[in-house]
Amino acid sequence: MIILQTLSVFLAAASVAAGQETSQLDYPGTAWVTAEYSTSPETLPSPQTTGTAWETSFQQASYFVSNMTLEEKIQIITGTSGPCVGNIAPITRLNFGGLCLQDGPLAIRKADYASVFPAGVTVAASWDRKLARKRGQELGEKFRGKGAHVILGPVAGPLGRSSRGGRNWEGLP
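Next up, the structure:
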């Protein structure tokens, strides 16, 4: 028992010391932030994309945007108030019904009678692809049933690039 207590105290002290050491390095300024993420070049979808797979979509999007007023363009970018974490108001004259962007990689946020699902990293650790797919389908159905159009989660992409990612546990490795 004494060995266990001593080990616990040692590990706690080591964690504190390591935390102090890294906290001094974590916030040296923008150079640190730039250095941390400068290895991935910025890529954005471009209307100059080669191939024909996106041609129709680009034409439809261009037509839609060209028919918007300046006020509507600003509104669609800045959003509006509403029941979701992010809300884009409808533009009825263009037959755009608006969007509800809701947070919750485990469950829909701020909703009554919502089902909660295991974290993505937990499901990934099972190595069960059918389970992961079923989880995704069920989560999508719950969001759709509550009126959400866009799920803001789970995280993916740069996951695992930095141990400082406080929400990495929500995503899929």
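Numbering-wise, the sequence shown is residues -19 to -1, 1 to 154 according to mature numbering (1 follows the signal peptide of the UniProt record, and there is no 0). Positions of the beta carbon are idealized from the N, C-alpha and C atoms, including for glycine.
> Taking C-alpha atoms, which residue in Y94, G117 and K91 lies nearest to G101?
Replying inline: Along the sequence shown, one-based indexing puts residue 101 at 120. For the residues Y94, G117 and K91, the minimum Cα distance to G101 belongs to G117.
>> Could you compute how far the alpha carbon of W13 sits from the alpha carbon of Y94?
In response: Counted from its first residue, the sequence shown places residue 13 at position 32. Counted from its first residue, the sequence shown places residue 94 at position 113. With a pLDDT of only 49 at W13, under 50, the local geometry of the prediction cannot be trusted, and no value is derived from it.
> What do you get for A34, buried or exposed, if any count of 16 or more other CB atoms within 10 angstroms of its CB means buried?
Replying inline: Here residue 34 corresponds to residue number 53 of the sequence shown, with the count starting at 1. Taking every protein chain shown into account, the CB of A34 has fewer than 16 other CB atoms within 10 angstroms, so this residue is exposed.
>> Can you tell me where the alpha helix (DSSP H) holding V102 begins and where it ends?
In response: By 1-based counting over the sequence shown, the position of residue 102 is 121. Per DSSP, V102 belongs to the alpha helix (DSSP H) from G101 to A106.
> Using the C-alpha atoms, what's the distance from A106 back to R74?
Replying inline: Within the sequence shown, residue 74 is the residue found at index 93, counting from 1. Within the sequence shown, residue 106 is the residue found at index 125, counting from 1. Roughly 48 Å between the two C-alpha positions.
> Mind checking whether the beta-carbon of S47 lies closer than 7 Å to any heavy atom of the ligand FMN?
Replying inline: As for the ligand FMN, it is missing from this structure, which has no ligand bound.
> Which term fits A42, buried or exposed, when burial requires 16 or more other beta carbons within 10 angstroms of its beta carbon?
Replying inline: The residue given as residue 42 occupies position 61 in the sequence shown. Flag for A42 reads exposed.
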